Amino acid sequence: MKMYIEFYASLMKYLPPGNSRFRREVKVEDSLKLNRLIECYHISPEEAHLVLVNGHYIYHEDRPNRKLIEGDVVSIWPPVAGG
Amino acid sequence: MSWTRKILRVNLSKGTCTPEALNMDWAKAYLGQRGLASKYLVEEVDPTCDALGPDNKLIMATGPLTGTMASTAGRYSVVCKSPLTGAIAASNSGGFLGAEMKFAGWDMIIFEGKSEKPVYLLMQDDKVELRSADAIWGKSAWETDDILHATHQDPQMRIACIGRTAEAGCLYAAVMNDKHRAAGRSGVGTVMASKNLKAVAIRGTGGIGNLEDAKKFMDAVDAGKQVLADGAVTGQGLPIYGTQVLMNVINGVGGLPAHNMRDVGFEGAGDISAEAMAEPRKSDGKPNLTTNAGCFACTIACGRISTVDKTHFSVKDKPQYHGASGGLEYEAAWALGADTGVSDLDALTYVNFLCNEDGFDPITFGATVAAAMEMFGDGDLTTDDTDGIELKFGSAEALVAITELLVTGEGFAKDLGQGSKRLCDKYKRPELSMTVKSQEFPAYDPRGIQGIGLNYATSNRGACHLRGYTVASEVLGIPVKTEQNDAEGKPELVKAFQDATAVVDSAGLCLFTTFAWGMDNIAPQIDAACEGDWSVEGCLEAGERIWNMERIFNQAAGFTADDDKLPKRMLNEAIKGGPTDGQVSRLGEMLPKYYEIRGWNPQGEVTAETRKRLSL
Ligand code: SF4
Chain A
463 MKMYIEFYAS
473 LMKYLPPGNS
483 RFRREVKVED
493 SLKLNRLIEC
503 YHISPEEAHL
513 VLVNGHYIYH
523 EDRPNRKLIE
533 GDVVSIWPPV
543 AGG
Chain B
11 MSWTRKILRV
21 NLSKGTCTPE
31 ALNMDWAKAY
41 LGQRGLASKY
51 LVEEVDPTCD
61 ALGPDNKLIM
71 ATGPLTGTMA
81 STAGRYSVVC
91 KSPLTGAIAA
101 SNSGGFLGAE
111 MKFAGWDMII
121 FEGKSEKPVY
131 LLMQDDKVEL
141 RSADAIWGKS
151 AWETDDILHA
161 THQDPQMRIA
171 CIGRTAEAGC
181 LYAAVMNDKH
191 RAAGRSGVGT
201 VMASKNLKAV
211 AIRGTGGIGN
221 LEDAKKFMDA
231 VDAGKQVLAD
241 GAVTGQGLPI
251 YGTQVLMNVI
261 NGVGGLPAHN
271 MRDVGFEGAG
281 DISAEAMAEP
291 RKSDGKPNLT
301 TNAGCFACTI
311 ACGRISTVDK
321 THFSVKDKPQ
331 YHGASGGLEY
341 EAAWALGADT
351 GVSDLDALTY
361 VNFLCNEDGF
371 DPITFGATVA
381 AAMEMFGDGD
391 LTTDDTDGIE
401 LKFGSAEALV
411 AITELLVTGE
421 GFAKDLGQGS
431 KRLCDKYKRP
441 ELSMTVKSQE
451 FPAYDPRGIQ
461 GIGLNYATSN
471 RGACHLRGYT
481 VASEVLGIPV
491 KTEQNDAEGK
501 PELVKAFQDA
511 TAVVDSAGLC
521 LFTTFAWGMD
531 NIAPQIDAAC
541 EGDWSVEGCL
551 EAGERIWNME
561 RIFNQAAGFT
571 ADDDKLPKRM
581 LNEAIKGGPT
591 DGQVSRLGEM
601 LPKYYEIRGW
611 NPQGEVTAET
621 RKRLSL
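Chain order of the listed sequences is A and B.
Letter by letter, the first sequence follows residues 463 to 545 in my numbering.
Letter by letter, the second sequence follows residues 11 to 626 in my numbering.
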């Protein structure tokens, strides 16, 4: 299925080559689990601090079982803050 | 050093400078900086006074840790009654001036009255005098800084001053220090100008002293620094990306307001984000971000130093802006950018330079321009009103032109300098002012992030994220993640953040330490340095006491529960689209509970019982 990944800040280095600054369209197996996707890109659990699916935060404990569907946008940040 | 136990009282009407002993009973109850200076203000100033009259006082105050080796211990605050809000103002700044004041041997300076002619205060250790400001009145903050350094031939001298916007009566003028650092909000610079006080120039050569237990203090400081170094945010995120890393995060979670908060979500967010600042520009191949920078004793160093492309339209014929200077922080980038719809990073950086050069709050300024843009779009304002500027959302040219106009203080700048509340009232669109207590919102939408809305509504200095930064928990998961769209539990969260922040703001430390430090890291540093009970509980009680004292000042100034409210747009106009689609602020659900846990009556008044409990 087709979906989108967005990696920000220090995680941008994990993005495959492409044109957009943060986003890539990727093809993955149907019903891929969120944690599996994160592992595919070699992002450690500590680095994957803020993980959003379609803008909604997914808690750490829910990531192993969260099934992704066609068109989902997964956005990932390391620990960041400001103000 | 901990408290120097000495304050300077400067009577500008009489031209006198008088040393006084610090009231140690108050210090043990209110700590320092924001808390202690507010205590002096509450005791000495009539809350109903004209903020720009001689009866208001302007207090520059350090915390007991300011000037010590604790990380980030360089902070000072400027406290007065605000001309923008009419409420108590306490604006906090970093840089190096606060530490210098301590090295000169002073905890705080209280300015009272009004000088007949423009003056500046020269403080060289014990030697203090008022001098004529004839040579610097009418100059920008940057020129003032340069002239005073040249006059006194002392590169180590630290300077706080106002720019031309303050002199012109702009109600959100800042007190600038060390050129790029600002006591930015609530118009504290305007109060300084009203006193004919242009600058404070400080040189201190004293050392560290008066620490309650020096060994224990250094152990606590070392432990604290280790925690900051190990923390992912304070050790890596902030130094590398600065606060601007939030631009995409807050946009991503559906919390980034745009176009005078008419919309949530900004298409251009990526183009004005930290990541964009770090990448090479198409035009000249160089990044906007030149380097990071730190305030006194800071081991985080979140500050941004940026350079605008020399061929960019904003600076093309202005070589004075071709060098590196204080760059965009998140709040400024949002207000000047997303809120006005402008996604030209170099234009925002240039406008931010002007905010520093002439000392005005980029949040209130950007939000006021955004309100004017909405009125312009609706036809309430025309080019006849705006000195010919086509004030359209998204126009970088208009933003640059209107900022340059503000600095002149002429024409439409007079309206713009009053802030969005007065501007929208004048043009009969009061509902377009995105303010609480007449102060503009910062960069988080209270419809998309519930707790921050409650914090805005109840903040003692008007809308402000730095009074209780619940975004840390609601979005960033620090210290623990809470649901951004839940109203439940938020009154408790807001109160906890507000009280803890009051402690940090009164200690001499930077709030950004709290992305790694809890009160159990902070209290031991205060406790080892200061007399009195500064256990975690003692600190938090002082924080609560400070919060309530500020509230009581505001009550006496005429504020009621009716002022703890958000604009109708936040309550009635639901977010359209994105992850927070359909949300409005549920302030009404949260406020009664907040009053209750604060120990206030249903009218939001501090009860006699609460006063007694907190020794107020
Ligand atoms: S964290 Fe940033 S604002 Fe705070 S003291 Fe350090 S450099 Fe200054």
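Where is the CB? At the ideal position from N, CA and C, for every residue including glycine.
Note that this is a predicted model, so its numbers are computed, not measured.
Item to check | Segment contact, 8 angstroms Cβ cut-off, at least three pairs: the region 414-434 of chain B with the region 359-372 of chain B | outcome: Yes: the two stretches touch, three or more of their Cβ pairs being nearer than 8 angstroms.
Checklist entry - Checking contacts by CB at 7 angstroms: is H504 (chain A) closer than that to chain B? => result H504 (chain A) has a beta carbon lying at 7 angstroms or more from every beta carbon in chain B.
Item to check | Within 7 angstroms, strictly: CB atoms of S430 (chain B) and A357 (chain B) | outcome: The answer is no: Cβ separation not under 7 angstroms.
Item to check | Any chain A beta carbon closer than 7 angstroms to G278 (chain B) | outcome: For G278 (chain B), the nearest beta carbon of chain A is not closer than 7 angstroms to its own beta carbon.
Checklist entry - Is the Cβ of L514 (chain A) closer than 7 angstroms to any Cβ of chain B? => result Interface criterion met: the Cβ of L514 (chain A) is under 7 angstroms from a Cβ in chain B.
Item to check | Bridge partners - E122 (chain B), DSSP secondary structure assignment | outcome: DSSP output for E122 (chain B) lists B:N21 as bridge partner(s).
Next on the checklist: Quick check on the burial criterion: 16 or more other C-beta atoms within 10 angstroms. Buried or exposed for D388 (chain B)?
Outcome noted: With fewer than 16 other CB atoms across the displayed protein chains lying within 10 angstroms of its CB, D388 (chain B) is exposed.
Next on the checklist: Quick check on DSSP: helix, strand or coil for Q134 (chain B)?
Outcome noted: Three-state result, Q134 (chain B): strand.
Checklist entry - Name the chain B residues whose beta carbon is nearer than 9 angstroms to that of A472 (chain A)? => result The sequence given here has Ser at residue 472 (chain A), not Ala. Residues of chain B with a Cβ closer than 9 angstroms to the Cβ of S472 (chain A) are, in chain order, Q246, G247, I250, Y251.
Item to check | the region 19-30 of chain B in contact with the region 109-123 of chain B per 3-pair CB rule at 8 angstroms | outcome: Counting Cβ pairs under 8 angstroms, three or more are found: they touch.
Next on the checklist: DSSP three-state label for I531 (chain A), please.
Outcome noted: Coil.
Checklist entry - Which residue from B:S12, B:I69, B:S204, B:E177 puts its Cα closest to that of D60 (chain B)? => result When each option's Cα is compared against that of D60 (chain B), the closest is B:S204.
Checklist entry - Secondary structure at Y466 (chain A), three-state DSSP: helix, strand or coil? => result It is a strand residue.
Checklist entry - What do you reckon, is the C-beta of C520 (chain B) under 6 angstroms from a heavy atom of the ligand SF4? => result Flag set: Cβ of C520 (chain B) near the ligand SF4.
Next on the checklist: So that I know if they touch, is there some Cβ in chain B lying closer than 7 angstroms to that of A543 (chain A)?
Outcome noted: Yes, its Cβ sits closer than 7 angstroms to a Cβ of chain B.
Checklist entry - Looking only at its own chain, which residues have a Cβ that is under 6 angstroms from the Cβ of E468 (chain A), when we skip the five neighbours before and after it? => result If you ignore the 5 residues before and after E468 (chain A), its C-beta comes within less than 6 angstroms of the C-beta of F484, R485, S537, all in its own chain and listed in chain order.
Checklist entry - Cβ-heavy atom distance between C308 (chain B) and the ligand SF4 below 6 angstroms? => result Checking every heavy atom of the ligand SF4 against the Cβ of C308 (chain B), one is found closer than 6 angstroms.
Checklist entry - Does DSSP put Y466 (chain B) in a helix, a strand or coil? => result Judged by DSSP in its simplified three-state form, Y466 (chain B) adopts helix.
Checklist entry - Any Cβ of chain B within less than 7 angstroms of the Cβ of G533 (chain A)? => result The beta-carbon of G533 (chain A) is placed no less than 7 angstroms from the nearest beta-carbon of chain B.
Checklist entry - When every heavy atom of the ligand SF4 is checked, does at least one fall within less than 6 angstroms of the C-beta of C474 (chain B)? => result The answer is no for C474 (chain B).
Checklist entry - Out of B:A348, B:Q428, B:D327, B:G518, which has the shortest C-alpha to C-alpha gap to C308 (chain B)? => result If we check each option's Cα against that of C308 (chain B), B:G518 comes out closest.
Checklist entry - With a cut-off of 7 angstroms, does the C-beta of S537 (chain A) fall near any C-beta of chain B? => result Closer than 7 angstroms: yes.
Item to check | Beta-bridge pairing of E508 (chain A) - partner residues as DSSP gives them | outcome: Per DSSP, E508 (chain A) has no beta bridge partner at all.
Next on the checklist: Among the candidates B:E53, B:T78, B:G275, whose CA atom is the shortest distance from the CA of M91 (chain B)?
Outcome noted: Here residue 91 (chain B) is Lys; the residue named in the question, Met, does not match the sequence. Answer by Cα proximity: B:E53.
Next on the checklist: Less than 7 angstroms between CB atoms is the rule here; does N130 (chain B) satisfy it with respect to chain A?
Outcome noted: The residue asked about is misnamed: residue 130 (chain B) is Tyr in this sequence, not Asn. No, Y130 (chain B) lies away from the interface with chain A (no Cβ there is under 7 angstroms from its Cβ).
Checklist entry - Comparing the CB of A311 (chain B) with every heavy atom of the ligand SF4, is any distance shorter than 6 angstroms? => result Set against 6 angstroms, the gap from the CB of A311 (chain B) to the closest heavy atom of the ligand SF4 is smaller.
Checklist entry - Does G517 (chain A) get closer than 7 angstroms to chain B when you measure Cβ to Cβ? => result Interface annotation, G517 (chain A): in contact with chain B, CB-CB separation under 7 angstroms.
Next on the checklist: Beta-carbon within less than 8 angstroms of P478 (chain A)'s beta-carbon, same chain only, minus the 5 sequence neighbours each way: which residues are those?
Outcome noted: Answer for P478 (chain A): R486, V488, listed in chain order.
Checklist entry - Where does E549 (chain B) fall in DSSP's three states? => result Sequence inspection shows Cys at residue 549 (chain B); the Glu mentioned does not correspond to that position. C549 (chain B) sits in a helix when the DSSP states are folded into three classes.
Checklist entry - Using a Cβ-Cβ distance under 7 angstroms, would L256 (chain B) count as near chain A? => result It does; some Cβ of chain A falls within 7 angstroms.
Checklist entry - In chain order, which beta strand (DSSP E) runs of at least 3 residues are fully inside the region 50-74 of chain B? => result You should have 68-72.
Checklist entry - For N187 (chain B), which residues from the same chain have a beta carbon less than 6 angstroms from its beta carbon, with the 5 sequence-adjacent residues on both sides left out? => result Closer than 6 angstroms at Cβ, skipping near neighbours: S103, G105, L107, A170.
Checklist entry - Nearest-angstrom Cα distance between G629 (chain B) and G173 (chain B)? => result In the structure as shown, chain B starts at 11 and stops at 626, and residue 629 (chain B) therefore has no counterpart that could be examined.
Checklist entry - Unbroken beta strand (DSSP E) runs of length 3 or more, entirely within the region 503-535 of chain B: which are they? => result Contiguous beta strand (DSSP E) elements confined to the region 503-535 of chain B do not occur, taking only those with 3 or more residues.
Checklist entry - With C-beta atoms as the reference, is A145 (chain B) less than 7 angstroms away from V89 (chain B)? => result No; because the gap between Cβ atoms is not below 7 angstroms, this pair is not in contact.
Checklist entry - Whose Cβ in chain B lies nearer than 8 angstroms to the Cβ of F469 (chain A)? => result Ordered by position in chain B, no residue passes the 8 angstroms Cβ test against F469 (chain A), which lies about 10 angstroms from the chain.
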